[in-house]
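Engineer:
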Amino acid sequence: MDTLHIAVDARGVAHLTMTRPEVFNAFNETMIGEMAQAMGHLVADPKVRVIVLAGAGKAFSAGADIAWMKRAAAASHEDNLADARRFAGMLSAIAESPKPVLARVQGLALGGGVGLVAACDIAVAADDAKFAVSEARFGILPAVIGPYVINAVGPRQARRLALTASRIGAEPALQMGLVHEVVPGDELDVALERWIHELLQNGPQAQGEIKKLFAQLEVGPVTAEVRELTAQTIARVRMGDEAREGFAAFTGKRSAAWIPGDKT
Numbered sequence: 013m014d015t016l017h018i019a020v021d022a023r024g025v026a027h028l029t030m031t032r033p034e035v036f037n038a039f040n041e042t043m044i045g046e047m048a049q050a051m052g053h054l055v056a057d058p059k060v061r062v063i064v065l066a067g068a069g070k071a072f073s074a075g076a077d078i079a080w081m082k083r084a085a086a087a088s089h090e091d092n093l094a095d096a097r098r099f100a101g102m103l104s105a106i107a108e109s110p111k112p113v114l115a116r117v118q119g120l121a122l123g124g125g126v127g128l129v130a131a132c133d134i135a136v137a138a139d140d141a142k143f144a145v146s147e148a149r150f151g152i153l154p155a156v157i158g159p160y161v162i163n164a165v166g167p168r169q170a171r172r173l174a175l176t177a178s179r180i181g182a183e184p185a186l187q188m189g190l191v192h193e194v195v196p197g198d199e200l201d202v203a204l205e206r207w208i209h210e211l212l213q214n215g216p217q218a219q220g221e222i223k224k225l226f227a228q229l230e231v232g233p234v235t236a237e238v239r240e241l242t243a244q245t246i247a248r249v250r251m252g253d254e255a256r257e258g259f260a261a262f263t264g265k266r267s268a269a270w271i272p273g274d275k276t
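Take the sequence shown: its position 150, counting from 1, is numbered 162 in the numbering used here, and each next residue is one higher.
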C-alpha cells in the first residue's frame, strides 16, 4: 500500500501504521481507501487478534489533507457525497471491527485524526499529544466524525470541542474520555503492550460479541426489548465452543486455548 504499513506478529497483533509523515499523516482519498481495505483484510484474517492503529513520525494524524479538501470544494455535489460516504465507511470499518482496535497517539491528532481516535476501542496517548476538532476553523463541520466523538466524550464536551476548535492536551483528553491512558512518550509502546496483553487473555469471539452487543445498547431505560436482546445473546454465546473452553480452562486451572504462549 502507498499510505499504510501492515505488520502482524506471532501473537496475532496487527500494527496498521499511517505512513505519510511528511504531511503529519493527513489522509486523502488514497489513504481512506487503503485504510478501509486494510481493515477488511485484518478483520477477515483469522490469525489477527488485535489491531493497533498508529502514525509514523511526529504526529498521529493531522486529519484531512488540505489538498484533498480543496479538490472536494471544487467537485460536484455527487462527487462530494461519494467522497464523504467513503470516509464514513472507513471510520465504520474501524469502529465495527469485531477485533479490538487500539490507537497509539503521539504528537497531533486534529480533525479527522480525532475521529480515528474516537472510533478505536482503546486509545493511549503520549503526555505531549494535542487534540483538536478543528473543522470549524476551515468553515466546515465535523459531520462524519461527529457520532464517534459524541460516543467517546458525550454531547456537551463534543459540542465544546467542535464549536471552539481549540487544542487540548493529553490530560484533558483523558479526563473527558477521549483517551484511556496518558504516559510519557518514551513509554507509549510499553503501555500499549500492557493493554495488548490484557486483550489477548480474553476469548476473541467473546470480544466480537461484546462489540456487537454494546453497539446496540444506549444509555437510558432498560426496556423489555433490551432485556430480551441481552438474554438471547448470553444464552446463545454460553453454549458455544469458546465458552466451553473458557470454563474448562478455569476449572482445570490452565490457560485457555486462545492465550498466546505457554498453555500450562
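Glycine is no exception: its CB is placed at the ideal position from the N, C-alpha and C atoms.
Exposed or buried, what is ARG266 when buried is set at 16 or more other beta-carbons lying within 10 Å of its beta-carbon?
Structural biologist: Flag for ARG266 reads exposed.
Engineer: Would you kindly report the start and end of the unbroken alpha helix (DSSP H) that includes ALA259?
Structural biologist: Reading off the sequence, residue 259 comes out as Phe, not Ala. Counting along the chain, the alpha helix (DSSP H) containing PHE259 begins and ends at 253-263.
Engineer: State buried or exposed for GLU5, treating a residue as buried only when at least 16 other CB atoms are found within 10 Å of its CB.
Structural biologist: Look at the range of the chain in this structure, 13 to 276, and you will see that residue 5 is not part of it.
Engineer: Buried or exposed: which applies to GLN213, given that a residue is buried once 16 or more other Cβ atoms fall within 10 Å of its Cβ?
Structural biologist: The residue in question, GLN213, is exposed, as its Cβ has fewer than 16 Cβ neighbours within 10 Å.
Engineer: May I ask you to list the residues that DSSP assigns as paired with SER73?
Structural biologist: In DSSP, SER73 forms a bridge with ALA121.
Engineer: Which class does GLN217 belong to by DSSP, given the choice of helix, strand or coil?
Structural biologist: Correct three-state label for GLN217: helix.
Engineer: Is the CB-CB distance between ALA79 and ASN40 below 8 Å?
Structural biologist: Yes. Within cutoff.
Engineer: Just the Cα atoms here: how many angstroms apart are ASP281 and ALA76?
Structural biologist: Coverage of the chain is limited to positions 13 through 276, which leaves residue 281 absent and any answer about it impossible.
Engineer: Would you check if the distance between the CB atom of VAL161 and the CB atom of ALA170 is smaller than 8 Å?
Structural biologist: Yes. Within cutoff.
Engineer: From ILE222 to ALA86, what distance separates their C-alpha atoms?
Structural biologist: Taking the straight line from one Cα to the other gives about 42 Å.
Engineer: Around the Cβ of VAL136, are there at least 16 other Cβ atoms within 10 angstroms (buried) or fewer (exposed)?
Structural biologist: So VAL136 ends up on the buried side.
Engineer: Going by C-alpha to C-alpha distance, which of ARG168, LEU173, ALA164 sits closest to GLU147?
Structural biologist: Among ARG168, LEU173, ALA164, the Cα nearest to that of GLU147 is on LEU173.
Engineer: Classify ARG239 as buried or exposed, calling it buried when 16 or more other Cβ atoms lie within 10 Å of its own Cβ.
Structural biologist: Exposed, because fewer than 16 other Cβ atoms sit within 10 Å of the Cβ of ARG239.
Engineer: Smallest Cα separation from ILE63: which of THR31, PRO110, ASP95, GLY273?
Structural biologist: Among THR31, PRO110, ASP95, GLY273, the Cα nearest to that of ILE63 is on PRO110.
Engineer: In the DSSP assignment, find the unbroken beta strand (DSSP E) run with HIS27 in it and report its ends.
Structural biologist: It spans 25-30 - the beta strand (DSSP E) in which HIS27 sits, taken as one unbroken run.
Engineer: Tell me whether LEU128 is buried or exposed, calling it buried when 16 or more other Cβ atoms sit within 10 Å of its Cβ.
Structural biologist: With 16 or more Cβ atoms within 10 Å of its Cβ, LEU128 is classed as buried.
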